[in-house]
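Enquirer: Please see the structure below; I have some questions.
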Amino acid sequence: MAPTRPPTGSSNGTLCGFDISKYAIANADSVAKPFVQCASVDDFMFLRNYDVMLCLDMIEHLTENQIDDFLYRSRPFINDCCFMVIACDSEKNRIEPSHITMQLREWWHERFVNAGWVHDDEMKDFQEIVMSEKFIVG
């Protein structure tokens, strides 16, 4: 996760994150480095609440037990929503050997709901925009 500080002149919050890679943290942008820590999803401790959780290309690299545990543990600490980019099961995504859990979108949706996450109308609208051809930049 590559955290950054709020835009100049803003005092509305701080972005922070974690990554399992010591290399990634050691080579993080100097602006981001103070806001990121080295931890795995198994070890990361949520010590305060966050408005939004952002996970990009992360959760499909976990086992099913790790996924369930992370979704359950994180839910009480996220005030508004989470945005995740998840590689779903497809021939193209199965080529990547580090993709441990390859499932269809419906499977992922069930995992989130079972962990207490809500997929409300606002998020459904956002999802349609993100999944549209117009949003995807190649």
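Residue 139 is where the sequence shown ends in our numbering, and the numbering goes up by one at each step. Quick reminder that beta carbons are idealized off the backbone N, C-alpha and C, glycines included. As the structure is a computational prediction, the values presented were derived from the model and not from experiment.
Please report the straight-line C-alpha distance between GLU129 and ILE101, rounded to a whole angstrom.
Expert: Computed Cα separation, rounded: 26 Å.
Enquirer: Ignoring anything shorter than 4 residues, give me the alpha helix (DSSP H) runs that lie fully in the segment 9-89, in order along the chain.
Expert: As far as the segment 9-89 is concerned, its whole alpha helix (DSSP H) runs of at least 4 residues are 23-27, 65-75.
Enquirer: Counting along the chain, where does the alpha helix (DSSP H) carrying VAL114 start and finish?
Expert: Its alpha helix (DSSP H) spans residues 106-115.
Enquirer: Going straight from the alpha carbon of ILE87 to that of PHE45, what length do you get?
Expert: If you take the alpha carbons of ILE87 and PHE45, they lie about 20 Å apart.
Enquirer: Decide if VAL138 is buried, meaning its Cβ has at least 16 other Cβ atoms within 10 Å, or exposed.
Expert: The pLDDT assigned to VAL138 is 47, lower than 50, so where the model puts this residue is not dependable; a value taken from the coordinates is nonetheless given after this. The residue in question, VAL138, is exposed, as its Cβ has fewer than 16 Cβ neighbours within 10 Å.
Enquirer: In chain order, what residues of the same chain lie with their CB nearer than 7 Å to the CB of GLN104, ignoring the 5 residues before and after it?
Expert: Cβ within range, chain order: CYS89, ASP90.
Enquirer: Please state whether DSSP places PHE126 in a helix, a strand or coil.
Expert: The sequence shown places Asp at residue 126, not Phe. ASP126: helix per DSSP, three-state reduction.
Enquirer: Tell me whether the beta-carbon of ARG74 lies closer than 8 Å to the beta-carbon of GLY117.
Expert: Not in contact: ARG74 and GLY117 (Cβ atoms no closer than 8 Å).
Enquirer: Answer yes if the segment 54-72 comes into contact with the segment 27-34, meaning at least three C-beta pairs across the two stretches below 8 Å, and no otherwise.
Expert: Because the criterion of three Cβ pairs below 8 Å is not met, the segment 27-34 and the segment 54-72 do not touch.
Enquirer: Can you tell me the Cα-Cα spacing of ASN80 and ASN115, whole angstroms?
Expert: Computed Cα separation, rounded: 18 Å.
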